[in-house]
Amino acid sequence: TLNDGSLTNLSPESSFTAAYENIILRDITSDINGFALTGPWATIVDFEAPFTRPSTTADGNWTATRGDDAFYDVMSYYHLDQNQRYIQSLGFTGATGIQEGPIEVDSNGLNGADNSTYSPTNNQLSFGRGGVPDNEDADVILHEYGHAITFSINPNFIGGDTGAIGEGFGDYWAGSYSYSTPNGQTFQPAWVYTWDGHNSFWPGRVMDRVDYRYDPTISYGAHDTINGLADYSDELWSTPLFQSLVDLIDEGQTREEVDRIVLESQFGLGAGITMPILADSTVAAAAALYPNGPHAAVFYEWFRTMEILSSALEPGDISFISSGTNSAADPGETVTFSIPLANTSNFTANNISATLTTSDVAVTVNNGASNYDSINASQSGNNLTAYDVSIAADATCGAVVNFTLNYDYELSVDPGVVYNEQKQVLMTLGEFDVFNFNNTNAVAIPDNDSQGISSTVTVTGSETVDVNSFSIDLDISHTYRGDLAIEIRSPSGTTAVLTDADLADGVPDVIGNFPSNLTPVESLSAFAGEPVAGDWVLTVFDTAAEDP
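For the sequence shown, position 238 matches number 790 in the numbering used here, and the numbering has no gaps at all.
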């Protein structure tokens, strides 16, 4: 309110005089004993230490200032009551009501800790007064109410990225309110906890981490530190929400519209929600609520920027149209093919054009340019003009050619905005064949013999080993397989250990396939690229006596 960043918790009390204002406390309760802060949407109670009786007045007027219990009672009641009325004004009432009932609030709880909490089990809020008293800051009050909102909409709000989503939404919900107040758009608008945080007690959080990026391999919990950055997870979710709010207001839309979208998006999702799931739901809610507005496009662009939503179009595998005598790109051939694009978004992709290139000197691209018809949501489409490449006669059979597919497109949610993607597409030269060679002659394994016994499989052909398909089947009968050590040697002399002796392993027999259901001690990738022709020698050693 005072627009003065030099104020601290220890500033003289006279510094705050101009910040106080009179407000109306709606629907408080009165009886013959006076007035109490008990209303339809918030009730001030005392359920944990330090135990301080909720304040009352004889005439319904509270005039206390900071440091007085009554001030914190009023701050808590007023902001919660006002926020619930705001939610109802957005249309969330009755069957779609959100936390539409009184919530119990202890304005002096948590044993005086510098913390505040929401309990979904008891539907209670508790505010601590350590450091800067938490409920001197409306951001803290509304952040904690944000948790109550989330659990009211979705009682199964657990798993996935819900820890970070819940904290990030609470920050956004507080930030949205602050952005609507005097000086809210000019005094550190991206700060959350403008008063309670960003001081010597704790740094608070922000909602402008536009350089953060979502990693689908991570499950984001509350307050996670990632790459040394504290609260990365919370700020990863609050940032696209808040930046969408800022952009939409700058474009002439309203806070009410944006908040309505953010609330609506949370309905019907259940447990295990990830950020991409909720981002999709948010964009869909924006498109449904405001089909003629820029809302969905702005949300979509911010979620894309932070890689919470990935590319709308993803290329599939090469499909050959013409490739000589087989369905492969053989050395010396000119081949034509298609590369399908799959639309993974909820919107139609339009004006799609693509260019295919490669830096591989063994391949010449004769035609790498093509357009695609519009592709509906969750559908795929092929290039309208075939891609055409020539393979050099001396190219290596089995080599993998790396193509770059560069494509532009627009989305129906965001007409006029051109998205550009670059994806890698792979082509293996030559036709892939699998050959099987075996030796079925039974040989006895000498007991407790360091020389072991060998079985040889002679392989013919001019091919080299492709470790993606190279495997070894064994059928060895032995009463105690833990006695056995097994190795395989290639014609080139490379050896890989399949099993080591493990005398604790008393299971009989070694029957199965390496590596599909048996795991070799040493990787079979040691044979990659070696000629297959020649003698492959399997040697089995029985390292202990007695068991045949």
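The beta-carbon is built from N, C-alpha and C at its ideal position, and this holds for glycine as well.
*DSSP beta-bridge partners of E1108*: Nothing about residue 1108 can be reported from this structure: the residues present for the chain run from 553 to 1100 only.
_Suppose only complete runs of 4+ residues qualify. What are the alpha helix (DSSP H) ranges in the stretch 806-833, listed by chain order?_
Entirely contained in the stretch 806-833, the alpha helix (DSSP H) runs reaching 4 residues are, in chain order, 807-816.
*Cα-Cα, which of F1079, R757 and I596 is closest to Y630?*
By one-based count along the sequence shown, residue 630 stands at place 78. Measuring from the Cα of Y630, the nearest candidate turns out to be I596.
_With 16 other Cβ atoms within 10 Å as the buried cut-off, status of L589_ = Taking the first residue of the sequence shown as position 1, residue 589 is located at position 37. Around the CB of L589, 16 or more other CB atoms lie within 10 Å, so the residue is classed as buried.
*So, is R637 buried or exposed, given that buried needs 16 or more other C-beta atoms within 10 angstroms?*
Translated into positions along the sequence shown, residue 637 becomes position 85. Burial call: exposed.
*Please look up how many angstroms separate the CB atoms of E696 and S668, rounded, as I've assumed it's under 8 Å.*
Mapped onto the sequence shown, residue 696 falls at position 144. Mapped onto the sequence shown, residue 668 falls at position 116. The Cβ separation is near 5 Å, so the contact holds.
*What's the call for P1072, buried or exposed, on a 16-neighbour Cβ count within 10 Å?*
By one-based count along the sequence shown, residue 1072 stands at place 520. Classification for P1072: buried.
*Assuming Y772 and I860 make a contact with CB atoms under 8 Å, what is their CB distance in whole Å?*
Walking along the sequence shown from the start, residue 772 turns up at place 220. Walking along the sequence shown from the start, residue 860 turns up at place 308. Not a contact, Cβ separation roughly 10 Å.
_Start and end residues, beta strand (DSSP E) containing A1048_ = Along the sequence shown, one-based indexing puts residue 1048 at 496. DSSP places A1048 inside the beta strand (DSSP E), whose first and last residues are T1047 to T1051.
*Counted within 10 angstroms of its Cβ, other Cβ atoms place I584 as buried (16 or more) or exposed*: Working through the sequence shown from its first residue, we reach residue 584 at position 32. With fewer than 16 neighbouring CB atoms inside 10 Å of its own CB, I584 falls in the exposed class.
*So the alpha helix (DSSP H) T857 belongs to, where does it begin and stop?*
Position 305 of the sequence shown holds residue 857. T857 -> alpha helix (DSSP H) spans H847 to T857.
*Consult DSSP for D540 and reduce its assignment to one of helix, strand or coil.*
Given that the chain is displayed from residue 553 to residue 1100, the structure contains no residue 540 and the question cannot be resolved.
*Might you give, ordered along the chain, the residues of its own chain that have their beta carbon closer than 6 Å to the beta carbon of I701, omitting 5 neighbours on each side?*
Taking the sequence shown and counting its residues from 1, the one referred to as residue 701 is at position 149. Counting only residues of its own chain and dropping the five nearest sequence neighbours on each side, I701 has a CB closer than 6 Å to the CB of I650 and Q651.
*Going by DSSP, what residues sit across from D658 in a beta bridge?*
As a working note, residue 658 is residue 106 in the sequence shown. For D658, which the question treats as bridged, DSSP gives the partners S678.
*Starting from the Cα of L1070, find the closest Cα among E983, G646, L1050 and G1086 and give me that residue.*
Sequence index remark: in the sequence shown, residue 1070 carries index 518 (1-based). Among E983, G646, L1050 and G1086, the Cα nearest to that of L1070 is on L1050.
*Ends of the alpha helix (DSSP H) at E787?*
For the purposes of this step, residue 787 is taken as the residue at position 235 of the sequence shown. Start and end: Y784 to D802.
*Are the Cβ atoms of T888 and D713 separated by less than 8 Å?*
Taking the first residue of the sequence shown as position 1, residue 888 is located at position 336. Taking the first residue of the sequence shown as position 1, residue 713 is located at position 161. Against a cut-off of 8 Å, the Cβ pair of D713 and T888 comes out as no contact.
_Is the separation between the beta-carbon of F872 and that of L908 shorter than 8 Å?_
Numbered from 1 along the sequence shown, position 320 holds the residue referred to as residue 872. Numbered from 1 along the sequence shown, position 356 holds the residue referred to as residue 908. Cβ distance not < 8 Å, so F872 and L908 don't count as in contact.
*CB of G933 to nearest heavy atom of the ligand MN: below 7 Å?*
Questions concerning the ligand MN fall outside what the structure shown contains, since it holds no ligand whatsoever.
_Validate contact between the stretch 671-680 and the stretch 729-737 using beta carbons, cut 8 Å, 3 pairs_ = No, they do not touch.
*Throw me the rounded Cβ distance for the S817 and A849 pair, which I believe falls under 8 Å.*
By 1-based counting over the sequence shown, the position of residue 817 is 265. By 1-based counting over the sequence shown, the position of residue 849 is 297. Actually they are not in contact, since the Cβ atoms of S817 and A849 sit about 15 Å apart, beyond 8 Å.
*Terminal residues of the continuous beta strand (DSSP E) containing R1041?*
As a working note, residue 1041 is residue 489 in the sequence shown. Start and end: L1036 to R1041.
*Per the contact definition of three or more C-beta pairs closer than 8 Å, is the stretch 948-965 in contact with the stretch 974-982?*
The stretch 974-982, when compared against the stretch 948-965, does touch it at the 8 Å Cβ threshold.
*Would you mind working out which of L662, I693, Y670 and S671 sits nearest G680, comparing C-alpha positions?*
One-based indexing of the sequence shown puts residue 680 at position 128. Taking only the C-alpha atoms, the option nearest G680 is L662.
*Measure the Cβ-Cβ separation of V814 and L841 and say whether it is below 8 Å.*
As a working mapping, residue 814 is identified with position 262 in the sequence shown. As a working mapping, residue 841 is identified with position 289 in the sequence shown. No; because the gap between Cβ atoms is not below 8 Å, this pair is not in contact.
*Quick one: grab the DSSP three-state call for M627.*
Here residue 627 refers to the residue found at position 75 of the sequence shown. It is helical.
_Proximity to A1078 [Cα-Cα], best of E1098, T1047, V1062 and V1089_ = By one-based count along the sequence shown, residue 1078 stands at place 526. Among E1098, T1047, V1062 and V1089, the Cα nearest to that of A1078 belongs to T1047.
*Can you list, in chain order, the residues of its chain whose CB lies under 6 Å from that of E656, leaving out five sequence neighbours each side?*
For this step, residue 656 is matched to residue 104 along the sequence shown. Counting only residues of its own chain and dropping the five nearest sequence neighbours on each side, E656 has a CB closer than 6 Å to the CB of T595, V597 and Q676.
*Using three-state DSSP, classify G664 as helix, strand or coil.*
Here residue 664 refers to the residue found at position 112 of the sequence shown. DSSP places G664 in helix when its eight states are reduced to three.
*If you draw a straight line from the C-alpha of W743 to the C-alpha of D760, how long is it?*
Position 191 of the sequence shown, counted from the start, is the residue given in the question as residue 743. Position 208 of the sequence shown, counted from the start, is the residue given in the question as residue 760. So the two alpha carbons sit approximately 8 Å from each other.
*Rounded to a whole number of angstroms, what is the C-alpha to C-alpha distance between G643 and Y745?*
Counting from one through the sequence shown, the residue named residue 643 turns up at place 91. Counting from one through the sequence shown, the residue named residue 745 turns up at place 193. Rounded to whole angstroms, G643 to Y745 spans 28 Å at the Cα level.
_N-terminal and C-terminal residue of the beta strand (DSSP E) that Y729 is part of_ = The sequence position of residue 729 within the sequence shown is 177, counting from 1. For Y729, there is no enclosing beta strand (DSSP E); the enclosing alpha helix (DSSP H) covers residues T714 to Y731.
*Going by C-alpha distance, which of L577, S1007, T777 and N935 is nearest N613?*
Position 61 of the sequence shown holds residue 613. Nearest option by C-alpha distance: L577.
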